[in-house]
Amino acid sequence: MEQSEVLERVVKILTPWAKNEAALASVAMETSILDDLKVNSARLVDVVIAFEDDFDIEIADEDVDSVNTVGDAVNLIVAKL
Amino acid sequence: MGLHTVQRAVVTLLAPLWLPLAAGYLRFGARYRVADLQELRCEFDRIRSETRGPLLLCSNHLTLIDSFLILWALRSPWKLITDWDSFAWNTPERTNFAGSPLHGVLTYLAKCIPITRGGRREDTGSVLKRVAYLLSRRELALIFPEGGRSRSGRVEPENAAWGVGRIVGSVPNCRVLCIYLRGDAQETWGNFPEHGDTLRLKLACIEPKSDLRGARRSRDLARQITAQLVQMETEYFDGRQ
Numbered sequence: 004m005e006q007s008e009v010l011e012r013v014v015k016i017l018t019p020w021a022k023n024e025a026a027l028a029s030v031a032m033e034t035s036i037l038d039d040l041k042v043n044s045a046r047l048v049d050v051v052i053a054f055e056d057d058f059d060i061e062i063a064d065e066d067v068d069s070v071n072t073v074g075d076a077v078n079l080i081v082a083k084l
Numbered sequence: 279m280g281l282h283t284v285q286r287a288v289v290t291l292l293a294p295l296w297l298p299l300a301a302g303y304l305r306f307g308a309r310y311r312v313a314d315l316q317e318l319r320c321e322f323d324r325i326r327s328e329t330r331g332p333l334l335l336c337s338n339h340l341t342l343i344d345s346f347l348i349l350w351a352l353r354s355p356w357k358l359i360t361d362w363d364s365f366a367w368n369t370p371e372r373t374n375f376a377g378s379p380l381h382g383v384l385t386y387l388a389k390c391i392p393i394t395r396g397g398r399r400e401d402t403g404s405v406l407k408r409v410a411y412l413l414s415r416r417e418l419a420l421i422f423p424e425g426g427r428s429r430s431g432r433v434e435p436e437n438a439a440w441g442v443g444r445i446v447g448s449v450p451n452c453r454v455l456c457i458y459l460r461g462d463a464q465e466t467w468g469n470f471p472e473h474g475d476t477l478r479l480k481l482a483c484i485e486p487k488s489d490l491r492g493a494r495r496s497r498d499l500a501r502q503i504t505a506q507l508v509q510m511e512t513e514y515f516d517g518r519q
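Sequence lines, in order, name chains A and B. Just so you know, we're using this note's numbering here: the first sequence kicks off at 4 and counts up by one. Just so you know, we're using this note's numbering here: the second sequence kicks off at 279 and counts up by one.
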């Protein structure tokens, strides 16, 4: 799967949790999930589970520690596909 | 884990200097009173003696000094000094105490491991691992599953962080002592309980279990803890009516 396709699906998954619609509209690999998109950190677990379901992968808790930006999430998912 | 070892040594050495003053201020300065104090302390002692494995303290969160109020209520200052391990490590929100170097020193002395809610995931993960490590060494730790003070004044399961589930899931046979704390005059969240308030604490020990894996498991474990806190809150308000 191409990185651009993964990015597109990641953004789609993040959309319901992102409170900053302006940042969502101009989302890039460098966009911070918590700081820019304003995803509630407590809901990050739901985002991770959505990633698992959508891409049919398993993400360990420790893997999430390296995910700060949309690009981090994309790279993690690509590595697990 | 050198950080923990050094902090533990320093705070153990200095506790006799500041702990009686702090406890004295709560009782005679702020005039806080703990309802059913002796029964509460006996119950805590019983739970600790019955718990062979790791014990994580989880509480609702309404004021800046909840962690200290809980530890002050559960053990007398004398017992805390002579049994410093019963003074739990706790994880306050870093931004609440970042105002001055003095705050930094005080939190260090109070066995705090500051955490930044919504901070970099590596930092959060590091704190969670440190707490799990301490628990695995049979040291007590206190964490607020909601992550911050409840803005509604009630336990907010939807804001419950999954970090507490990660900790419990990574420490075999970890039991959780759920603590519901509220002052009689405390209608909602704030910095401190009202002067002269009577504090009420309820304890319930659970051992969360989950057959799930990964993030689902952490979320499931965290939900069991917040569900227990919600139940305790319901019982608290039912008892007030």
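Don't be surprised by glycine CBs; every beta carbon is placed ideally from N, CA and C. These numbers were taken from a predicted model, which means no experiment stands behind them.
For C483/B, the closest alpha carbon among the candidates L333/B, P298/B and V433/B is that of L333/B. Any Cβ of chain A closer than 8 Å to the Cβ of E400/B would place that residue at the interface, and such an atom is present.
Counting along the chain, the unbroken beta strand (DSSP E) around T476/B starts and ends at T476 to I484. The C-beta distance from V67/A to R399/B rounds to 6 Å, short enough to meet the 8 Å contact threshold. Secondary structure at C320/B: helix, using DSSP grouped into helix, strand and coil.
Per DSSP, the continuous beta strand (DSSP E) segment holding G461/B begins and ends at R453 to G461. Between the region 384-391 of chain B and the region 311-322 of chain B, the count of C-beta pairs closer than 8 Å stays below three; the two stretches do not touch.
The Cβ-Cβ distance between T329/B and R415/B does not fall below 8 Å. Boundaries of the alpha helix (DSSP H) around L17/A: Q6 to L17. In the same chain as V14/A, and ignoring 5 residues on each side of it, the C-beta atoms closer than 6 Å to its own belong to V30, in chain order. Sequence-distant partners of Q285/B (beyond 5 residues in either direction) whose C-beta falls short of 8 Å from its own C-beta, in its chain, are Y386 and K389. For S7/A, there are no neighbours in chain B by C-beta distance under 7 Å, as the nearest C-beta there is about 24 Å away. Residue contact check for E61/A against chain B: a CB pair falls below 8 Å. Bounds of the alpha helix (DSSP H) holding S414/B are R399 to S414. Of the candidates N338/B, N451/B and E424/B, the residue whose Cα lies closest to the Cα of E511/B is N338/B. In terms of beta-carbon proximity, E11/A stays away from the interface with chain B, with every pair separated by 8 Å or more. Closest by C-alpha distance to S488/B, out of W296/B, L349/B, L459/B and G447/B, is G447/B. At least one C-beta of chain B is nearer than 8 Å to the C-beta of E65/A.
Residue-level contact by beta carbon holds for D68/A and chain B, with a gap shorter than 8 Å.
Shown here for A293/B: same chain residues with a beta carbon closer than 8 Å to its own, the five before and five after excluded, namely L358, I359, W362, F365 and L387 in chain order. Counting only the Cα atoms, Q519/B lies some 42 Å from D64/A.
Taken through DSSP and simplified to helix, strand or coil, S337/B comes out as strand. For the pair I36/A and N71/A, the CB atoms are nearer than the 8 Å cut-off. Taking the beta carbon of V77/A as reference, no residue of chain B falls within 9 Å; the closest one sits roughly 15 Å away. Each residue's CA atom was taken as its position, placing F322/B and E24/A some 48 Å apart. In this structure, the straight-line span from the alpha carbon of P370/B to that of D344/B is close to 10 Å. Counting along the chain, the unbroken beta strand (DSSP E) around I421/B starts and ends at A419 to I421. Taking a beta-carbon distance threshold of 8 Å, A21/A does not count as an interface residue toward chain B. By the neighbour-count definition (other C-beta atoms within 10 Å, threshold 16), T504/B is a buried residue.
For the 8 Å CB-CB criterion, R309/B and G443/B do not form a contact.
Residues of the same chain with a CB within less than 7 Å of the CB of T476/B, apart from the 5 flanking positions on each side, are R311, A313, G461 and D462 in chain order. Contact annotation for R444/B against chain A: D64 [CB-CB distance below 8 Å, chain order]. Cβ contact annotation for I16/A (same chain, cutoff 7 Å, sequence separation greater than five): V50, A53, F54 and D57, in chain order. Between L342/B and N374/B, the gap from beta carbon to beta carbon is short of 8 Å.
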